[in-house]
Every structure is written in C-alpha cells, then in structure tokens.
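Residue numbers (our numbering): 38 to 585.
Glycine included, C-beta positions come from ideal geometry on N, C-alpha and C.
Down below is the structure, laid out as structure tokens.
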C-alpha cells in the first residue's frame, strides 16, 4: 500500500536521523553518522520523540482488522476505547468513558462519555461513533477476526453469523452522552475486554469518504493521544501528539517513530548504536541477554508474558486429521530441551496451550515428552517407525528464533518418529495470509492475551472463531468454553476450563511449545515504560529524560 509522505517538523536534525536509519534498514551498514553528529536517541530525547523497534511492517492500522501486536503497538497510540488498562497493575481505568454503572444482575452497563473527548480533527467523540464501529466489526461482510470478542453482548453472535440481520437487535444503544450495553450473561472481564482495539470508536465520515484508504496519513482521524503523521513502507510509521486529546496535559511525548526491524540481531545493534529507545522483539539472542545481564542489567527488561508459542495443525489434511498422529507429534517434542538449549530467554516449557494464571486456570493435566508412546500412537495410526508417512512442510515467518525452534523440532521428529519435515519461511504478511487461508500443514503460531483471563486463549479454538486456523471443530469443547462466559464463580469457570483443556490434550489441534518471556532493551532516558504480563504500554505516561 502506498503512503503519503508528509514532512516531520522537528528541525533539521530529523534529516540526519532519517539518513542514518536508511543505512541501517538497508542492512548495508549500521549507522554511518560521523562522530560529530549526535546519536539518534540523544536527538529523540531533546525533541521528545520516542524511537521504537516494532518488529514486522504493520499489516493494518484499522483497529477492527489488525491482528498482530506490531499493528496494535501503533493503533493504541492513535485510538482509545471506553476503558484502558493501567500500565503497571493492568487494572481497568477510564478511557473515553469517564465513568460507568453496572446493573445489580451484571447484565447492563451504562458508559458515560467525556464531554471533552474529541477526534483529532476537533470534532466530539459520541456514542454513535462507538455504535458505528461495533456494527462494522460485527458485520459479516467486514470479516473481522476479532468479532468474537463481542459475543458476550446480547445477540452479537447471532448478528455476526447472519441469524439476525438487524443490528438494532444487538444489545447496544447510543444515547446522548452515554452508551448502553446489554450482555448475554454477566462476565467478570467485560470491562477489561473493552480495552481491546476492536472496541475502539471510528470516524464514520472518514471511512465513507476514503473507503480502504482511510488509514493513510492525511486521511486517518483518531481519538488517541497521537495522530498519524507519516507511513513510509518498510521504513517507519511516525505519529505526533494530538492537540485535541482530552488528556493532553499528561501526554509528554511530541511524537513516536515505529521502525519495522524483523531481525532481532539488527534490532539489538540499532539499540546498541543509539538509534532506538526500545526493542519490541521478545526473543533476543541468548548471547546478548547474557551480555546485558553482565554489563548493563539496567537496560534489560525481562518479564513473564501471558502468551503461548505453539504450532497450528491443519486437521483437514491427511494424515493430520487423525488425532493419534497429532498426539504423537506433540509427545515427541522435548520442551525442556527446547527452552534450555535453543531459546534460552526465560521461556517456560508448555504442557498445555493455555498458560496458568493465579486465579482461574492451573492445568491438572499436561502433555509430556514421551517418545515411546509417541511411536506407539504413530504405529496405531498406520505408520510404524514413520514408514510411508508423507513429508510435510512446517511454515514459519521471518525471525531467527522461529527458524531455530523449527529446526530443533524438525530434528526431534526425525530422531523419535523418523518423520521428515521441510521448513518453509515467509515474510509476515504472506505468512498471515497463508494461515488465514489455511494454506499450510503445520504452522508456527503465537497468542498474546487480550486481557488477563484464560478464556482469551480458549476462545481462539472455538469452531466459529476466525482465529481458529486449524480446521478443528469440537461441539463439546465449544459448549464448555461458551459456558465460561456465564459461569457464576471463578471455581466454576476453572472446572469448565479444565474439562476443555482435557479435550485439547486428547485432540491436539495445536502443539504447545513454550510460554514466552519478554526480553526487551530500554534506554535509560525512557521513563514511565512498565513491564507487564500483556506487553501493554500506554504511551501518554511515557516521557524522555535528557539527563540519562
């Protein structure tokens, strides 16, 4: 997609920064600035512009169509929902809604919008903007992969699946200065769920006028702390402070620049050279982690993250339509060896798809490394010692860690099952399209929680979930997971999810590998950037100190 290049009015120093970064991203040199020129981070500190390594090139800046964390990192700067999450505690805090009331039965929510909430063009944000956005997200023609997050709202699922054709039947009402929402049943995490970008409001006139081009610079109108300034494909996305943002007095940055650096080694070199303030690629090279632990531990943020790294299996393809084959593959992987010898970044071996949380879900049953029983299962499926098992592809996206993990798993499957696997590497956008179109046999996958509740993982494998890329469907599993939304207590939810987990362990539509750990580098000058389980970092509290 082409982008409109706009000038970035931060003095002539920006020209030197862009010259340096072009050299970095062309992978010819690191930064060819002369010693007399100031480091880019030092310029950013003076100009109050945060420079972030943001992984892959963003696929979309549409809050209802984006799927990757690299997209959301930018979108959360440009838009704001009814609620937000506190950067340290992840507690729910007010966003566009300055307050809300909940009925005694927990079924009805009334959100009172701020009078000073405005779009970046100065127009007021109204309840109708939320109504339009939510109708668009649920419209089957939109095909938003995150539409199922709305299904706790009355009749939202029925409208999304075409059972109901009138959005007026959905439990959302736009009233003067407030939005009223009626649920199918009470759920404890609804307020936290509303902080997800799919619930953000949208400016209807902009979308009507520009159609698919509405997210381009010069077109996009948001309501967040920042507004889109520039998007140069494969170079950077830049945003500037929104003068109409309701809480602008607490926005300390003049701008943010997001740089698509897929390779973790290049990202670390950019950080070390002083070209970026932050790295956002979670799997740093182990050698670099150890180096920073020894020499500059204050620059390294190591944080457990509520996420799962796993392999999707296309269960529609033979012989992977046989659960015995899928279980054999899962049991032939030594996860302990994987995290100790390959990733070595603080990851935790994953015996289940869903990581434990302290309140609701701690799995009582797990997958274990058991090559002997894996071989028995493969024999029962008709492939003794791997004989006549077809060679298949393992799909991964760009990234050294993905290649290393896939290579290790490839070797384990050959060693323990005599199964041959070929690795196929794709850049991010092509990779995502292949997954969405189910054009793969086995594929790398990962999920970062939308909020701190295990259902954010379990719901991705529902039969009707657009995030379910496995072609797997199980009515019993669907029933259990859907009942969690209506559970009256954490104890009841825990029992339902344990039963759902047992189905996953038996069926194995996905092969859990490990629970990731964020290993990010943060310059000393960055203040107000707090590590947390969801890797959620509101930018309005972040500031840069030139004294460090």
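{"Query": "Buried or exposed by the 16-neighbour rule on C-beta atoms within 10 Å, applied to residue 73", "Result": "Model confidence at residue 73 stands at a pLDDT of 36, short of 50, so the residue's coordinates are unreliable and nothing is read from them."}
{"Query": "Per-residue burial, residue 334 [other beta carbons within 10 Å of its own, 16 or more giving buried]", "Result": "exposed"}
{"Query": "Inter-residue CB distance, residue 433 and residue 445 (contact presumed, cutoff 8 Å)", "Result": "Not a contact, Cβ separation roughly 12 Å."}
{"Query": "Best match in 83, 338 and 461 for proximity to residue 326 [C-alpha to C-alpha]", "Result": "338"}
{"Query": "Residue 209 (DSSP reduced to helix, strand or coil)", "Result": "strand"}
{"Query": "Same chain, Cβ closer than 7 Å to residue 83, five either side skipped, listed in chain order", "Result": "583"}
{"Query": "Beta-carbon gap between residue 260 and residue 156 smaller than 7 Å", "Result": "yes"}
{"Query": "Residue range of the unbroken alpha helix (DSSP H) whose run includes residue 110", "Result": "106-115"}
{"Query": "CA nearest to the CA of residue 363, picked from 500, 543 and 566", "Result": "543"}
{"Query": "Three-state class that DSSP yields for residue 119 in the structure shown", "Result": "coil"}
{"Query": "CB of residue 257 within 7 Å of CB of residue 270, strictly", "Result": "no"}
{"Query": "Under 7 Å between C-beta atoms of residue 143 and residue 236", "Result": "no"}
{"Query": "Own chain residues within Cβ distance below 8 Å of residue 58, not counting five before or after", "Result": "Here residue 58 scores only 44 on pLDDT, less than 50, and its place in the model is too uncertain to base an answer on."}
{"Query": "Range covered by the beta strand (DSSP E) that runs through residue 551", "Result": "547-552"}
{"Query": "Inter-stretch contact at 8 Å, needing at least 3 Cβ pairs: the segment 526-538 / the segment 446-453", "Result": "no"}
{"Query": "Any 3 or more C-beta pairs closer than 8 Å across the segment 418-427 and the segment 351-362", "Result": "yes"}
{"Query": "Beta-carbon spacing of residue 579, residue 315 below 7 Å", "Result": "no"}
{"Query": "Cβ distance (whole Å) where residue 304 is taken to contact residue 513 below 8 Å", "Result": "Rounded, the Cβ-Cβ distance is 43 Å, inconsistent with contact."}
{"Query": "Touching by the beta-carbon criterion (3+ pairs, under 8 Å), the segment 217-234 and the segment 120-138", "Result": "yes"}
{"Query": "Cβ neighbours of residue 321 in the same chain (closer than 7 Å, five flanking residues each side left out)", "Result": "301, 305, 382 and 556"}
{"Query": "Cα-Cα separation between residue 182 and residue 350, rounded to whole angstroms", "Result": "19 Å"}
{"Query": "Classification of residue 101 by the beta-carbon crowding that lies within 10 angstroms, buried from 16 upward", "Result": "buried"}
{"Query": "Residue 211 and residue 140 closer than 7 Å at C-beta", "Result": "no"}
{"Query": "Nearest-angstrom Cβ-Cβ length linking residue 208 and residue 192, presumed shorter than 8 Å", "Result": "6 Å"}
{"Query": "Under the three-state DSSP convention, the category residue 142 falls into", "Result": "coil"}
{"Query": "Local Cβ density within 10 Å of residue 166, reported as buried at 16 or more and exposed below that", "Result": "buried"}
{"Query": "Alpha-carbon spacing of residue 63 relative to residue 298, whole angstroms", "Result": "In this prediction, residue 63 scores a pLDDT of 35, lower than 50, which makes its location untrustworthy; the coordinate-derived value is nonetheless stated afterwards. Residue 63 and residue 298: Cα-Cα distance of roughly 11 Å."}
{"Query": "Neighbour-count burial assignment, residue 180, 16 or more Cβ in a 10 Å radius", "Result": "exposed"}
{"Query": "Alpha-carbon to alpha-carbon, residue 115 and residue 290", "Result": "13 Å"}
{"Query": "Beta-carbon proximity check, residue 586 vs residue 390, cutoff 7 Å", "Result": "Because residue 586 is not part of the residues shown, which for the chain are 38 to 585, the question remains open."}
{"Query": "Segment contact flag, the segment 474-492 with the segment 392-410, C-beta cutoff 8 Å, min 3 pairs", "Result": "yes"}
{"Query": "DSSP state of residue 461 mapped onto helix, strand, coil", "Result": "strand"}
{"Query": "Sequence-distant residues of its chain with Cβ nearer than 8 Å to residue 206 (five each side left out)", "Result": "192, 195 and 196"}
{"Query": "Among 526, 478 and 515, nearest to residue 506 - alpha-carbon criterion", "Result": "478"}
{"Query": "Chain C contact for residue 192 (CB, 7 Å cutoff)", "Result": "In the structure shown, chain C does not exist; there is a single protein chain."}
{"Query": "Contacting residues, own chain, Cβ-Cβ under 8 Å from residue 342 (five flanking each side not counted)", "Result": "319, 485, 552, 553, 554, 555, 570, 571 and 572"}
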